[in-house]
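Please read the structure below before turning to the comments.
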Amino acid sequence: MAERTSGLHRVVTIPAVYGAIQNLLGGGGEGRARLAERLFADTEGKSVLELGCGPGTWVPHLGTAARYLGIDWNPRHIDSATRAYGTDTRRFLCGDLALLLDDPDFPRFDVVLGIGILHHLDDDVATGALATAARALGQGGIYVGVEPVLHPRQHPVARLLKALDSGRNIRREDGYRALLSPSFVALSTRIETGLMRVPYSHCLISARVA
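So in full-length UniProt numbering, spot 182 of the sequence shown is number 182, and the numbers just go up one at a time.
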């Protein structure tokens, strides 16, 4: 399996629990703001699609985007996000992006966000998801992501948290680049630590479609 969904890992499907865990480990709104500064600098005035949007965690940090659509498989997350953040320009859908793209009227986007998505998917599924993300982008569009990452001399606490993660495909930096390369050009990845209140390591990702 690519993801643990039984036992204690099931509780993250509940929006309130998901948010509480994010706040505890990530430093709440302050921690998200630090990460948003690094990830979302290029979203001002643009159309943004977020894959696996959860209960809308990142929407407050995307206020300068012209249009936002969040997609998630969990109806409870979508209901929670719609109640909290839904507007005419901030919308949420429960569904499969690949099927939505079959509709010729489905819009294309300037930016696709994947925040902590790929480490829940095995290589074949992740490669397919990224190909679908590329289809959702207009010419010159950008995929922006962040994922937990493995690297040498990692802090023991970071290693423990990754072992407990519900996603079972945490990769090294070159592993993420290998997933992106079939669908994107101008790949940029870097490892950053110190973005959470606990020791952790993230791989920040930016990639452009041709």
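Just so you know, even glycine gets a beta-carbon here, dropped at the ideal spot from N, CA and C.
Just the Cα atoms here: how many angstroms apart are residue 226 and S201? This structure gives no information on residue 226, because the portion of the chain shown stretches from 1 to 210.
At which residue ranges does the segment 70 to 110 contain complete beta strand (DSSP E) runs of 3 or more residues, listed in the order of the chain? Whole beta strand (DSSP E) segments, 3+ residues: 90 to 94.
Residue environment, A207, which counts as buried when at least 16 other CB atoms sit within 10 Å: Of the other Cβ atoms in all chains shown, 16 or more fall within 10 Å of the Cβ of A207; this residue is therefore buried.
Mapping the DSSP letters down to three states, classify T193 as helix, strand or coil. DSSP places T193 in strand when its eight states are reduced to three.
Can you check which of these residues, I115, P55 and H119, is closest to L35 by C-alpha distance? Looking from the CA of L35, the closest CA among I115, P55 and H119 belongs to I115.
Mind the definition here: the segment 104 to 112 touches the segment 74 to 86 only if three or more C-beta pairs lie below 8 angstroms; say whether that holds. A contact is defined here as three or more CB-CB pairs under 8 angstroms, and the segment 104 to 112 fails this definition with respect to the segment 74 to 86.
If you follow the beta strand (DSSP E) that V144 is part of, which residue opens it and which one closes it? Unbroken beta strand (DSSP E) run through V144: L137 to L150.
For S181, count neighbouring C-beta atoms within 10 Å of its own C-beta (all shown protein chains included) and say buried if the count is 16 or more, exposed if not. Exposed, by the Cβ-count rule.
In terms of DSSP beta bridges, what is S206 paired with? Partner residues in the beta bridge of S206, as assigned by DSSP, are V144 and S188.
Tell me which residues share the same chain as I78 and place their Cβ nearer than 6 angstroms to its Cβ, disregarding the 5 neighbours each side in the sequence. Here the set comprises D72, F92 and C94.
Which residues mark the beginning and the end of the beta strand (DSSP E) in which L49 is found? Counting along the chain, the beta strand (DSSP E) containing L49 begins and ends at S47 to L51.
Quick one: what does DSSP say R38 is sitting in, helix, strand or coil? Helix, per DSSP.
Cβ shell of A134 (< 6 angstroms), same chain only, five flanking positions each side left out: Apart from the 5 residues on each side of it in sequence, A134 sits with its Cβ closer than 6 angstroms to the Cβ of S183 and V209 in its chain, given in chain order.
In its own chain, which residues sit with a C-beta less than 6 angstroms from the C-beta of I117, not counting the 5 before and 5 after it? Result list for I117: L51 and G52, in chain order.
Tell whether a beta-carbon distance below 9 angstroms holds between E192 and I170. In this structure, I170 does not lie closer than 9 angstroms to E192 by Cβ.
Taking the alpha helix (DSSP H) that L157 falls in, what are its first and last residues? For the sequence presented, residue 157 should be read as Val rather than Leu. Annotation for V157: the continuous alpha helix (DSSP H) segment containing it runs P156 to L164.
Quick check on DSSP: helix, strand or coil for G116? Here G116 sits in coil by DSSP.
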